[in-house]
Amino acid sequence: MKNLKITLFLCAFILTPNVGAEEIFKNFSEDRFDSYFSANYFKSTANYSSQGTQTGLASGSSYQITDVNILGRYVPYTDLGTFVSFNVGNSEATDLVATRRNSTLNIVTLGVDYQIYKSNSFSSYVDFSYGYAVEKFKVDTDSSLNSDGADQIKVQMTAIYNFDSFSPYARGGINYRREGLSTLMTYGAGVEMHFDQVALGAGLDGYLTIKDDTNTNQAYARDFVTTRVSAGSKRFYGINPNSLDSDIYMKFGFDKDISFKINGGYTLLGSNSAVGFHLGGAFAWSFGDETKSYSRPAPRRTAPAVKERRQQPQPVPQKRFEEDTNDGVNQDYFKPVQPSKDDYIQQMDDDHHISTKPLPGAKVKKAVPEPPPEGYEVKLKKKKRK
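Its first residue numbered 474, the sequence shown is counted upward by one per residue in my numbering.
#1: My output table needs one value for residue 702: the three-state DSSP class, helix, strand or coil.
#2: Would you check if the distance between the CB atom of residue 744 and the CB atom of residue 521 is smaller than 7 Å?
#3: Look up residue 524 in the DSSP assignment and say whether it is helix, strand or coil.
#4: Tell me the residue span of the beta strand (DSSP E) that contains residue 631.
#5: Got a sec, what are the start and stop residues for the beta strand (DSSP E) residue 665 sits in?
#6: Going by the DSSP bridge assignment, what does residue 610 pair with across the sheet?
#7: Using DSSP bridges, identify the partner residues of residue 749.
#8: Starting from residue 618, trace the beta strand (DSSP E) in both directions and tell me its first and last residue.
#9: Whole angstroms is fine: what's the gap from residue 684's alpha carbon to residue 504's?
#10: Please name the residue, chosen from 756, 738, 569, that lies closest to residue 531 on a Cα-to-Cα basis.
#11: With a CB to CB cut of under 7 Å and the five nearest residues on each side skipped, what residues in its chain are close to residue 639?
#12: When you compare only the Cα positions, how much space is there between residue 500 and residue 529?
#13: So, does the segment 690-697 touch the segment 719-735, judging by three or more C-beta pairs under 8 Å?
#14: Using the C-alpha atoms, what's the distance from residue 584 back to residue 549?
#15: What does the Cβ neighbour count give for residue 704, buried or exposed, with the cut at 16 atoms within 10 Å?
#16: Using a Cβ-Cβ cut-off of 6 Å (strictly less than) and excluding sequence neighbours within five positions of residue 563, which residues of its own chain qualify?
#17: Ends of the beta strand (DSSP E) at residue 551?
#18: Nearest by alpha-carbon distance to residue 534: which of 735, 518, 527, 628 is it?
#19: Among 729, 670, 582, 625, which residue has its Cα nearest to the Cα of residue 542?
#20: Per DSSP, which residues does residue 757 bridge with? Please list them.
#21: Mapping DSSP to helix, strand and coil, what is residue 697?
#22: Please report the Cβ distance between residue 662 and residue 676, rounded to the nearest whole angstrom; I am assuming they are in contact, meaning their Cβ atoms lie under 8 Å.
#23: Hey, could you find the ends of the beta strand (DSSP E) residue 501 is sitting in?
#24: Please name the residue or residues paired with residue 543 in a DSSP beta bridge.
#25: Closest to residue 552 by C-alpha separation, out of 525, 596, 734, 526, would be which residue?
#26: Just checking my contact of residue 561 with residue 618 at CB under 8 Å: how many whole Å lie between their CB atoms?
#27: Enumerate in chain order the residues of its own chain whose CB-to-CB distance from residue 752 is below 7 Å, with the five nearest sequence positions on each side excluded.
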């Protein structure tokens, strides 16, 4: 028995979120509201004995239960959340004598959670909850059991690591049960891998007895009740139970506020508890700020850095000044005049002749007469002195 408990405890740290509506990765941003609706189906045809071996139920006997859970959570202050949940159990036990059913609102839970530490790669929070058993256990009941029928006080701590593409986590706590039932230590560990809009997760979730049941020496009394109304299944009301469940799941994120999850798993180890498989699904809808304080930091998917290229201004061609000639004025008056051949030689009067004397010491270059235009002949006459 001791070896079995040690094995159960160690296996928990190999790799589930709870199969109920509770979400491992919580948001602790102020004014955040989260709602979860989940359904989980469990079926069993065998039990684990007190020694940890599997023992089948009587021929033709089986037990199954569907739990429907609704949870609402509100964060009034940063890092402090409050939640309430309602669980409806619909059980059915079949044996060779009869088929018994029971469908009731069995548990109402009130709780608070508080994030005690958060960084980019690690976060941790604790939660405290009180589960009120609406339907208390009765020895003379004739309906199949859909809960332990006892109030429960739970305290547990969760630690989450973030490595961008995947997030491992571990959790542990205490579940104190009234009505003389044993006190349990709860534990779990798992990992979730993140993609763009899909997440895949796997893990283990279990419990083991750390304080014995008050009826430990009268186990036959409990077995008599479970055999009569639950086809012998020890899903509930077992003496000092221990159990370890596996779970795999897939999440689909439609947008930042809506997601859907499907999950399934099988019981791996246990004692004084039921062996079976479970299938479930959960729908989550949330609204409010989601960026301030999240127990699992969002994957840092950043686009590659792109250097900003400064665009050089395109040179603007300078427009030359153009005179507007379309103003109705005859532009021939403004055209340059081409001189005629007669205008190349101009007569100069003696009165307008100006003679200049060179400066002393200055070299005087003799003027070379320019050749006259073609077709003209210029004759120079030497002026006679009087």
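All C-beta atoms, glycine included, are put in the ideal place defined by N, C-alpha and C. No experiment lies behind these values; they were computed from the predicted model shown.
Quick look at the numbers:
#1: helix
#2: yes
#3: coil
#4: 625-634
#5: 656-667
#6: The partner list for residue 610 (beta bridge, DSSP) is empty, contrary to what the question assumes.
#7: 517
#8: Counting along the chain, residue 618 falls outside any beta strand (DSSP E), and DSSP gives it neither H nor E.
#9: 39 Å
#10: For the residues 756, 738, 569, the minimum Cα distance to residue 531 belongs to 569.
#11: 664, 665, 666, 667
#12: 43 Å
#13: Touching, no, given that fewer than three Cβ pairs across the two stretches are closer than 8 Å.
#14: Whole-angstrom Cα-Cα distance: 13 Å.
#15: buried
#16: 539, 576
#17: Premise fails: residue 551 is in no beta strand (DSSP E) and is neither H nor E.
#18: 518
#19: 582
#20: DSSP output for residue 757 lists 509, 732 as bridge partner(s).
#21: helix
#22: 6 Å
#23: Looking at the DSSP string, residue 501 is not in any beta strand (DSSP E), and its letter there is neither H nor E.
#24: 510, 559
#25: 596
#26: About 14 Å separates the Cβ atoms of residue 561 and residue 618, ruling out a contact at the 8 Å cut-off.
#27: 514, 737
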